[in-house]
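Okay, so the sequence shown: first residue is 1 according to full-length UniProt numbering, each after it adds one.
Read the structure below first, then the notes.
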Amino acid sequence: MNSSEIFDEKAKEWDKHPVINENCRIFTEEIRKNISLSSDMNLLEFGCGTGLVSMNFYSSVRSLIMTDTSQGMLDVLKQKIKHNNINNMELHCEDIFNLELPKQHFDLIYTLMALHHVADIKELLDRFHKLLKPGGYFCIGDLEPEDGSFHGDESSVHNGFDTSELKNTVEETGFEVTKAYRMHIMKKPDADGNLREYPMFFMSAKSR
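Structure (structure tokens):
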């Protein structure tokens, strides 16, 4: 079972998980703390899931492009869009490298707990850099290094990230890292059911 199929299975129950909701709430707060959102801004969320982060932003910005490879997750988000009569949110169930998106169009790109599923981080960062306006921002929320117990046998490429190493990779791709710090310690059962602590970081970078 690939990563998309795993998340398709989880989609209907996704929003009921307190840990997931807490992670999204904290990441949302960190973005608002570090980035000034305005009504003329175009945003892109990579790995948007059911939209738990972006549902906090749509009323403050011009447009949102939402990308995810799980149709199940996006189906849940579609219901939220319909229920709230949202007209500035566009959904794409496709690999971001295959999407036709305008270059230098976005003011902010952000991703929470999706980067560790991506094999070639540098290639993805280069894609984001081309999509951002000069001076636009990229925000990441993800795991610090962990022992592989977070996902267990599920589809994950990276067991978290060393923020110093990731900072170097981000800056090699044409960004200036503006903030990098631990934002939260997630507490959840590991694959064996034992309660564990998983530190999470926040990183923001400005496109040069």
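Glycine included, each C-beta is placed from N, C-alpha and C at the ideal position.
| query | result |
| --- | --- |
| Where T169 falls, given that 16 or more other Cβ within 10 Å makes a residue buried | exposed |
| Spatially closest choice to D95 from F46, I185 and S164, by CA coordinates | F46 |
| Three-way DSSP call (helix, strand, coil) for S39 in this model | coil |
| CB-CB length for D147 against L115, believed under 8 angstroms | With 8 angstroms as the limit, D147 and L115 do not qualify as a contact, their Cβ atoms being about 18 angstroms apart. |
| DSSP state of V118 mapped onto helix, strand, coil | coil |
| Where V19 falls, given that 16 or more other Cβ within 10 Å makes a residue buried | exposed |
| Distance, L108 Cα to D40 Cα | 12 angstroms |
| Whole-angstrom distance between H117 and M1, CA atom to CA atom | With a pLDDT of 47 at M1, under the threshold of 50, the predicted position of this residue should be treated as unreliable, and no value is reported. |
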